[in-house]
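Protein chains in written order, with our numbering: chain F, 1 to 238; chain E, 1001 to 1238.
Note that CB positions come from ideal geometry on N, CA and C, so glycine has one too.
Note that the structure is predicted; figures quoted are calculated from it, not measured.
2 protein chains.
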Amino acid sequence: MAEQEPGAGRSPEARLLVVDDEPNIRELLSASLRYSGFEVIAASDGHEAVALAERVRPDLVVLDVMLPDLDGFAVAKRLRAGGRRMPVVFLTARDGTDDKVHGLGVGDDYVTKPFSLEEVVARIRAVLRRTRGDLELPSRLQVADLVLDEEAHHVERAGQPVRLSPTEFKLLHYFMSNAGRVVSKAQILDHVWNYDFGGDAGVVESYVSYLRRKIDNVEPRLIHTLRGVGYVLRAPRH
Amino acid sequence: MAEQEPGAGRSPEARLLVVDDEPNIRELLSASLRYSGFEVIAASDGHEAVALAERVRPDLVVLDVMLPDLDGFAVAKRLRAGGRRMPVVFLTARDGTDDKVHGLGVGDDYVTKPFSLEEVVARIRAVLRRTRGDLELPSRLQVADLVLDEEAHHVERAGQPVRLSPTEFKLLHYFMSNAGRVVSKAQILDHVWNYDFGGDAGVVESYVSYLRRKIDNVEPRLIHTLRGVGYVLRAPRH
DNA sequence: ACCCAGGCTCAGCCGTCGCTGAGCGTTTGC
DNA sequence: GCAAACGCTCAGCGACGGCTGAGCCTGGGT
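Okay, structure coming up:
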């Protein structure tokens, strides 16, 4: 279950409008994005979305393609009526219908369902960074001599580049954005794995093991196990 | 059994609804949470819970998953009918069914039965902190040169990091949140150990011993024994 | 059609943790 | 001053949590 996140207290990074008709997904996203530091409002269908966007002027819209009333793309079109800029991150099913995504506007992006929270947050940040030259959002995370560049999708330890599989990368990214904070295996599952993942926490142990082999095989060790609690990524001493 | 606690006299931190069909657990929780400074009302089944919540509008619900009438998740759903926000801390059995908890309602949290009171209070506070931007009840406790950082799950004495087992950590945390106040061995058993723990108070002595060895082996001594009464954690008076 | 990388599960091993019981020292009460 | 109660420490055990290597399955690329 999702627990602590950064971003509390600071003024919101941006205002988001989340549009999805499934209450579970809508709530999952809203809560999680709020805890990530965004201001979030939500709508459950296309018309409500258009009306709300009119009033609250969000910085970005997270938009399910499958809506009961309007097609997601139709919603996007209306949002941008009058030439107004309105970046959109689409949520789309993984089946064949992705073809329709080719209709993306510039600056838009999409995430396939089922997604992981890490993925969604990453896409949102990337789009925001692009559309408003928001350099404040660092695309580069660093802990000791471990560096992860999000934009370049590049990781290196002690100056040596490291090849990571997608899951390994997401896991490391999650660790690094929570450096110094203990994260439980349940939290990791919630953020790094897709929300419909049914398996148990053993898989987290496996991937931590892979990660250690690839990026934590030199001193100082950065990934620490806290038995019965979780993991921390941190430089020693502090 | 639980005795005195902080929070008496001050205005309640929040209003809680406790839902459990076992009278023992219900009373244990209600009493303990009251002494922790919460306003508490209780219900023994799902329908009563929904009806009560309707009337008294609690800030948070502590909800057993196994109820005689409604499933705990069903109750949660009804509590949130109409899109109302209602944070929930679930109480769930430790058997394999934990999987069901994963993936439902973000912003919620859960505690496995049998729990310790420390655990429950901690989860409740964490959820409240999140859901109402109740910023930064400091996650850092300090007494003299002894520091416990909850978020990082890190302890140090005189600048030196110390490794503690989970139980040692919980015990120290209990001491530190009650710094300057005498706690009896019975209180410690009630708060730090699971409520179904059958053993005797000897185990507390053991763990106090371990703690002393790890974090109280330098001057000034912080953990003091009051024979026949209990223990206090406090910096020496000057 | 094949191969390979990636995702996941499983099971055995190992270390640690939690608890108990015994022995010993210290304090208290008589 | 003595005995009983209380508290401290240590050793030992059973059990559990976490790590990792092996293996299966899937999907994508050649």
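Min CB distance residue i to chain F below 9 Å
| i | result |
| --- | --- |
| Glu1151 (chain E) | yes |
| Ser1165 (chain E) | yes |
| Arg1130 (chain E) | yes |
| Gly1103 (chain E) | With a pLDDT of only 44 at Gly1103 (chain E), under 50, the local geometry of the prediction cannot be trusted, and the value read off the model is given with reservation. Chain F contact via Cβ: present. |
Beta carbon proximity, residue i to chain E, threshold 9 Å
| i | result |
| --- | --- |
| Tyr210 (chain F) | no |
| Val232 (chain F) | yes |
| Tyr35 (chain F) | yes |
| Asp98 (chain F) | Residue placement at Asp98 (chain F) is flagged as unreliable, the pLDDT there being 49, under the threshold of 50; the coordinate-derived value follows with that caveat. It does not; no Cβ of chain E falls within 9 Å. |
| Val62 (chain F) | no |
| Leu52 (chain F) | no |
| Gly46 (chain F) | no |
| Val229 (chain F) | yes |
| Val204 (chain F) | no |
| Val218 (chain F) | no |
| Arg221 (chain F) | no |
| Leu79 (chain F) | no |
| Leu226 (chain F) | yes |
| Arg181 (chain F) | yes |
| Ala14 (chain F) | no |
Sequence-distant residues of the same chain with beta carbon closer than 7 Å to residue i, five excluded per side
| i | result |
| --- | --- |
| Arg1026 (chain E) | Val1018, Asp1020, Ala1042 and Ser1044 |
| Leu158 (chain F) | Note that residue 158 (chain F) is Ala in the sequence shown here, rather than Leu. If we look at Ala158 (chain F) and ignore the five residues flanking it on each side, its Cβ neighbours are Asp145 and Val218. |
| Val203 (chain F) | none |
| Glu1119 (chain E) | Val1111 |
| Leu226 (chain F) | Val182 and Val232 |
| Gly1103 (chain E) | In this prediction, Gly1103 (chain E) scores a pLDDT of 44, lower than 50, which makes its location untrustworthy; the coordinate-derived value is nonetheless stated afterwards. None. |
CA-to-CA distance, residue j to residue i, given in whole angstroms
| i | j | result |
| --- | --- | --- |
| Ala53 (chain F) | Arg34 (chain F) | 18 Å |
| Glu1013 (chain E) | Asn178 (chain F) | 29 Å |
| Glu48 (chain F) | Arg140 (chain F) | 37 Å |
| Pro68 (chain F) | Arg55 (chain F) | 22 Å |
| Ser1209 (chain E) | Phe90 (chain F) | 57 Å |
| Thr167 (chain F) | Leu128 (chain F) | 23 Å |
| Asp1200 (chain E) | Ala1186 (chain E) | 9 Å |
| Val1088 (chain E) | Lys1214 (chain E) | 37 Å |
| Leu164 (chain F) | Gln1142 (chain E) | 40 Å |
| Ser30 (chain F) | Thr1131 (chain E) | 12 Å |
| His153 (chain F) | Gly133 (chain F) | 19 Å |
| Leu1028 (chain E) | Phe1197 (chain E) | 14 Å |
| Pro1220 (chain E) | Pro236 (chain F) | 26 Å |
| Asn1024 (chain E) | Arg1084 (chain E) | 30 Å |
| Met1241 (chain E) | Ala1074 (chain E) | Here chain E has residues from 1001 to 1238 only, and residue 1241 (chain E) is not among them. |
| Gly180 (chain F) | Glu136 (chain F) | 21 Å |
| Tyr1207 (chain E) | Ala1076 (chain E) | 38 Å |
| Gly1096 (chain E) | Glu22 (chain F) | Any reading at Gly1096 (chain E) is ruled out, since the residue's pLDDT is 48, under 50, leaving its predicted position unreliable. |
| Glu205 (chain F) | Gln160 (chain F) | 24 Å |
| Asp1108 (chain E) | Gly228 (chain F) | 21 Å |
| Gly72 (chain F) | Gly1072 (chain E) | 34 Å |
Distance between beta carbons of residue j and residue i, contact taken as under 8 Å
| i | j | result |
| --- | --- | --- |
| Gly46 (chain F) | Leu70 (chain F) | 3 Å |
| Gly1230 (chain E) | Val1192 (chain E) | About 13 Å separates the two Cβ atoms, so there is no contact after all. |
| His1173 (chain E) | Leu1148 (chain E) | 6 Å |
| Ile1223 (chain E) | Phe1169 (chain E) | Incorrect: roughly 15 Å between the Cβ atoms, too far for contact. |
| Leu171 (chain F) | Leu233 (chain F) | Contact flag wrong, Cβ pair sits at about 10 Å. |
Same chain, Cβ closer than 8 Å to residue i, five either side skipped, listed in chain order
| i | result |
| --- | --- |
| Asn1194 (chain E) | Pro1114, Phe1115 and Ser1116 |
| Leu16 (chain F) | Leu33, Phe38, Glu39, Val40, Ile41, Pro58, Asp59, Leu60, Val61, Val62 and Ile124 |
Contact test: residue i Cβ vs the ligand SAH heavy atom, cutoff 8 Å
| i | result |
| --- | --- |
| Glu119 (chain F) | This structure lacks the ligand SAH, and indeed carries no ligand of any kind. |
Beta-carbon contacts of residue i that lie in its chain and below 6 Å, excluding the five residues immediately before and after
| i | result |
| --- | --- |
| Glu151 (chain F) | Ser139 |
| Val1050 (chain E) | Arg1078 |
| Val155 (chain F) | Leu148, Val162 and Leu164 |
| Asp216 (chain F) | Leu222 and Ile223 |
Legend entry - At least three beta-carbon pairs within less than 8 Å, the region 1059-1079 of chain E to the region 1119-1129 of chain E: yes
Inset, instruction - Count the CB pairs spanning the region 1109-1116 of chain E and the region 1070-1080 of chain E that are closer than 8 Å, and state whether there are at least three. - result: no
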